[in-house]
Amino acid sequence: MRDGPSDHMIGMSVNGIRKHYTDDVVVSLSKILIKDWKRLLGRIVGDCLLERGKEMPKIPTTPTSPMSPSFSSAGVPLSPCLATGENIRDKCIEMLAAALRTDGGEKTTTDMKYKNRVRSRISNLKDPKKPGLRRNVLAGGIELRRFTIMSAEEMASDKLKQLRNNLTKEAVREHQVSKTSGTISDLFQCSKCSKNNCTYNQTSSADEPMTTFVLCNECGNRWKVRHFPHQFR
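Counting from 1, one number per residue, gives the positions in the sequence shown under the UniProt record's numbering.
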């Protein structure tokens with residue numbers, strides 16, 4: 001029997017005879033012939049592949065330097081859906097996947113710093129002044145991954161956040177006071193240099209008392225004076 005296109009035609013012809021005739025003897029002989037033909041063909045193909053494998057030259061191994069990654073150090077088995085069947089390609093995919101899984105920002109040790117971080121989270125969650133933080137964590141408003149890296153300022157109570165925001169606004173306003181926009185006066189005395197050469201600005205809003213920002217023209221000292229409503233009664 002030759003190994004070529006005619007082999008496939010033989011199988012098709014015998015199978016056609018088996019389907020065309022209804023005689024039990026012919027059908028039985030056809031089945032036996034097809035079975036023997038498949039077994040013989042499989043043996044021939046296997047021998048050819050074996051001979052072809054022996055003839056293929058071996059790929060020389062390339063020596064690796066100490067700095068180059070080792071293909072045997074991937075460590076994580078490759079998922080079957082990503083496997084290509086080629087050892088080199090599969091090892092490369094394993095190494096790339098292992099590199100992508102590495103996250104230097106994650107906490108991997110349980111040292112004292114890690115324990116203190118956990119204690120800080122527990123303390124903030126139990127703080128009765130921070131019901132909003134506890135509610136947001138329970139409801140998923142704050143993801144657990146983000147909660148583990150939140151700073152003390154981010155976990156502060158709403159009241160403390162508002163106070164910090166107001167102080168920041170005041171600091172910005174103080175630094176915005178300048179000689180050119182203010183009024184020069186000798187009504188204020190500097191506590192540092194005891195001079196009365198000052199420049200002042202006054203600001204007021206609906207929810208805050210009137211505030212006078214004073215700048216000493218001699219030494220640069222700054223301070224503020226708040227005027228509460230009862231002072232004008």
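A virtual CB, placed ideally from N, CA and C, is assigned to each residue, including glycine. This one's a predicted model, so the numbers in the text were calculated from it and none came from an experiment.
If we ignore side chains and look at the alpha-carbon of each, how far apart do L125 and Y114 end up?
Numbered from 1 along the sequence shown, position 125 holds the residue referred to as residue 125. Numbered from 1 along the sequence shown, position 114 holds the residue referred to as residue 114. Cα-Cα distance, rounded: 17 Å.
Is there contact here, the region 191 to 199 with the region 158 to 174, by at least three beta-carbon pairs under 8 Å?
no
Under the DSSP definition of a beta bridge, which residues are partnered with S185?
What you label residue 185 is simply residue 185 of the sequence shown in a count that begins at 1. Answer is C198, bridged to S185.
Are the Cβ atoms of E218 and N197 separated by less than 9 Å?
Along the sequence shown, read from residue 1 onward, the residue named residue 218 stands at position 218. Along the sequence shown, read from residue 1 onward, the residue named residue 197 stands at position 197. Yes, the pair counts as a contact, with Cβ atoms nearer than the cut-off.
Near Q189, which residues of its chain fall below 6 Å by C-beta distance, leaving aside the five closest residues on each side in sequence?
The sequence position of residue 189 within the sequence shown is 189, counting from 1. N196, listed in sequence order.
9 Å Cβ cutoff met for G182 and S157:
Mapped onto the sequence shown, residue 182 falls at position 182. Mapped onto the sequence shown, residue 157 falls at position 157. No, the Cβ-Cβ distance between G182 and S157 is not below 9 Å.
Residue range of the unbroken beta strand (DSSP E) whose run includes P128
Residue numbering aside, residue 128 sits at position 128 when the sequence shown is read from its first letter. No beta strand (DSSP E) contains P128, which DSSP labels as neither H nor E.
In terms of residues, what are the limits of the beta strand (DSSP E) holding K224?
What you label residue 224 is simply residue 224 of the sequence shown in a count that begins at 1. 222 to 227 is the extent of the beta strand (DSSP E) around K224.
Do S120 and A152 have their C-beta atoms closer together than 9 Å?
One-based indexing of the sequence shown puts residue 120 at position 120. One-based indexing of the sequence shown puts residue 152 at position 152. Against a cut-off of 9 Å, the Cβ pair of A152 and S120 comes out as a contact.
L144, buried or exposed, once every other Cβ within 10 Å from all chains shown has been counted against 16:
What you label residue 144 is simply residue 144 of the sequence shown in a count that begins at 1. Exposed, because fewer than 16 other Cβ atoms sit within 10 Å of the Cβ of L144.
L138 to F147, Cα distance in whole Å?
Residue 138 sits at position 138 when you count from the first residue of the sequence shown. Residue 147 sits at position 147 when you count from the first residue of the sequence shown. Looking at the two C-alpha atoms, the distance is approximately 11 Å.
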